[in-house]
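Heads up, the thing below is written out as structure tokens.
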């Protein structure tokens, strides 16, 4: 990046004089009909935070039921529904839209484009989300309750579930269409809309990670759409894709699903890598170490992600040769991931580090994501996985990479760019409180789940044997604390928007991408209507 | 690059990526026949063929044992004999045999068949699953009946034994309650 952006010792706000007469509709119509990438980015972020609270509330129900052995609070059916929709809402409603929100806000500014390539399609991509969220929540009130089939929606459970399943399938279709349109928009923006002089290999790494993620989405989301379409036709139109009695095979569903599902893991993780790759150099006051190797490592992770789906299915029945292939291919992913982790560490090496909230969340990410990666390596080994399949060890593993990975990096990104988005600074003390509370409660919640899994506690079951009681109690207490800590985050953000101190144009002196060096804070409604000179 | 040219490029990109998305949607469905074919080739599971009927892996196909059948009466006016005198069976194989019995006397009688085995060391290797000897048989005058025996000869039968004999002898059960004694079937 340092090759792109030299110091521009000029007054940024003067540079943007032509943007001062912003024309924008007021009131609700500004948002409903918005084609502005910043408005849409904001809507994505608020939507995902709302869904984060909904999915979080479901997690609280799960942890409350698991607080002690026996069935106390909810029925097993409702518990199953909670685990299912907690997963679906967090993955498709909270984490993915959060990073699409980042992409909307930042990619046009970082590549020097006036807006996304297809602003009206952008509007449609966002406004498809609320109906999908409505369907997922409405499914709880369908006859027979929510479909307690697990977020992976395995046949034959799904082909036998009640009407809630149809609402869920329809929601997944809508979410898929929304993501595909969003991805096409992002790819086109990055490839066609860059300012002159913004070569691909000079882009901020965040743009690179989203370019790669968007390709993953375009290639994998339609496969999920196919899988749920097959489920739908099996349910209502007499096909037998997954119905063994009609010559189908339920294991086929798992193959189709995980062909999507594993890239999906990286669809969530790779934009998080991008955020971290912006934040760590800024607070180390050094350019990112090994920029090119970061790009290649991200691309190799993306390619490998299409070749390892079988490691989710070791126990579904496959020949030992196939297991060996998936095991070796999965282990291989540790190499590019290791490259990335070492590059981040090397970026910090001999840097002038400071530890503001975004940096703290990035370091939390780095440490806990690596832990999650290690448990992933453990699970990639077939004989170990056969023992740990569908236990709380797996639950702990993927929450380390999803929560401490993706969510922490989203927090890092929000704290990092809030000054640019709102023009105001958040309360640093409260931000740090949010970080430390999240970090501590996260580990209380999920670290003990490794032990539960190793001891054999199965996931997705509302009751458990007595010997698991202590660790579950600890985990539940941690979860309640973690949930409450996120309300503090809401308070910090609202306080920042309402009464934060004025932020500098380049709030973080180490940040060197265009939105910091070429635009004032807050970023004007229309930016780079003429391409910046690089 | 003017903005009109840029719009054209963008639309071109949109079209290409939409085609990719559509192809991947199709790919999901293409996995169905691909998966079936793969399973057939690797023999994981033949999805279109019914499963082969369950086979008993305990049957020792490498070995034949001659099973001779014998029947005796102990002071009863009954005509009792096996439907076949001897058959060849594989050890471990489920074998079904039949005996016929007819009451030539003028009175209804109740009889009980007692099995015996030869040679003597073969006796523990006879596993009878169903036998007319499990209950008393009552026959009216002139009544004729065919009676089944289902048995398995244990595959652990000593290698030196190649011929075994199953023999039944009917004894009269005096004073038995005719109505309580077994009826056909």
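Protein chains in written order, with our numbering: chain A, -19 to 514; chain B, 437 to 621. All C-beta atoms, glycine included, are put in the ideal place defined by N, C-alpha and C. Here the structure is a predicted model, which means the values were calculated and not measured.
- Taking 9 Å as the upper bound on Cβ-Cβ separation, chain B lies near residues 97, 98 and 101 of the segment 92 to 111 of chain A.
- Annotated three-state conformation of residue 365 (chain A) is helix, per DSSP.
- For the set B:609, B:534 and B:563, the Cα lying nearest the Cα of residue 506 (chain B) is the one of B:534.
- Residues of chain A with a Cβ closer than 8 Å to the Cβ of residue 456 (chain B) are, in chain order, 198 and 199.
- Here residue 494 (chain B) is exposed, its C-beta having fewer than 16 other C-beta atoms within 10 Å.
- Straight through space, the alpha carbons of residue 149 (chain A) and residue 14 (chain A) are spaced by roughly 28 Å.
- The secondary-structure analysis by DSSP pairs residue 524 (chain B) across a beta bridge with B:502.
- CA-to-CA, the gap between residue 87 (chain A) and residue 113 (chain A) works out to about 25 Å.
- When the alpha-carbon of residue 519 (chain B) is set against those of B:536, B:509 and B:528, the nearest one is in B:536.
- Residue 221 (chain A) reaches chain B at 465 and 468, counting residues in chain order whose Cβ is nearer than 9 Å.
- A contact between stretches requires three or more CB pairs, one per stretch, nearer than 8 Å, and the segment 385 to 405 of chain A fails this requirement with the segment 356 to 369 of chain A.
- For residue 203 (chain A), the nearest CB of chain B lies under 8 Å from its own CB, placing it at the interface with that chain.
- The beta carbon of residue 216 (chain A) does not come within 8 Å of any beta carbon belonging to chain B, so the residue lies off that interface.
- The alpha carbon of residue 365 (chain A) has as its nearest neighbour, out of A:312, A:393, A:436 and A:335, the alpha carbon of A:436.
- Inclusion of residue 585 (chain B) and residue 564 (chain B) in the CB contact set at 8 Å is warranted, their separation being smaller than that value.
- Excluding its 5 nearest sequence neighbours in each direction, residue 465 (chain A) has C-beta neighbours in its own chain below 7 Å: 414, 417, 418 and 421, listed in chain order.
- Cβ-Cβ distances below 7 Å link residue 57 (chain A) to 125 and 128 in the same chain, with the five nearest sequence neighbours on each side left out; the list follows chain order.
- The DSSP assignment places complete beta strand (DSSP E) segments of no fewer than 3 residues inside the segment 561 to 593 of chain B at 562 to 567, 573 to 575 and 580 to 589, in order along the chain.
- Contact note: residue 604 (chain B) does not reach chain A at a C-beta cutoff of 7 Å; the least C-beta distance is about 46 Å.
- In the structure shown, the three-state DSSP call for residue 445 (chain B) is helix.
- In the three-state reduction of the DSSP assignment, residue 550 (chain B) falls in the strand class.
- Distance from residue 35 (chain A) to residue 73 (chain A) at the Cβ level is roughly 7 Å; contact confirmed, criterion being Cβ atoms closer than 8 Å.
- Residue 331 (chain A) places its beta carbon 8 Å or farther from that of residue 412 (chain A).
- For the segment 400 to 455 of chain A, the continuous alpha helix (DSSP H) assignments of 4+ residues that do not extend past its boundaries occur at 408 to 434, in sequence order.
- The Cβ atoms of residue 256 (chain A) and residue 76 (chain A) lie no closer than 8 Å to each other.
- By the Cβ-count criterion, residue 234 (chain A) is buried, with 16 or more other Cβ atoms from all chains shown falling within 10 Å of its own Cβ.
- By DSSP's assignment, residue 531 (chain B) forms a beta bridge with B:587.
- Contact between residue 97 (chain A) and residue 173 (chain A) holds, with the beta-carbon distance rounding to 6 Å and staying under 8 Å.
- Here residue 103 (chain A) is not bridged, per DSSP, to any residue.
- One thing to note: residue 169 (chain A) has its Cβ within 8 Å of the Cβ of residue 91 (chain A).
- Taking a contact as a CB-CB distance under 8 Å, the pair residue 355 (chain A) and residue 430 (chain A) counts as one, their CB atoms being some 7 Å apart.
- 8 Å or more divides the Cβ of residue 373 (chain A) from the Cβ of residue 282 (chain A).
- For residue 171 (chain A), the closest Cβ of chain B is nearer than 8 Å.
- C-alpha of residue 66 (chain A) to C-alpha of residue 383 (chain A): approximately 13 Å in a straight line.
- Within the DSSP bridge table, the entry for residue 602 (chain B) names B:505 and B:553 as partners.
- Between the alpha carbons of residue 590 (chain B) and residue 561 (chain B) lies a gap of roughly 5 Å.
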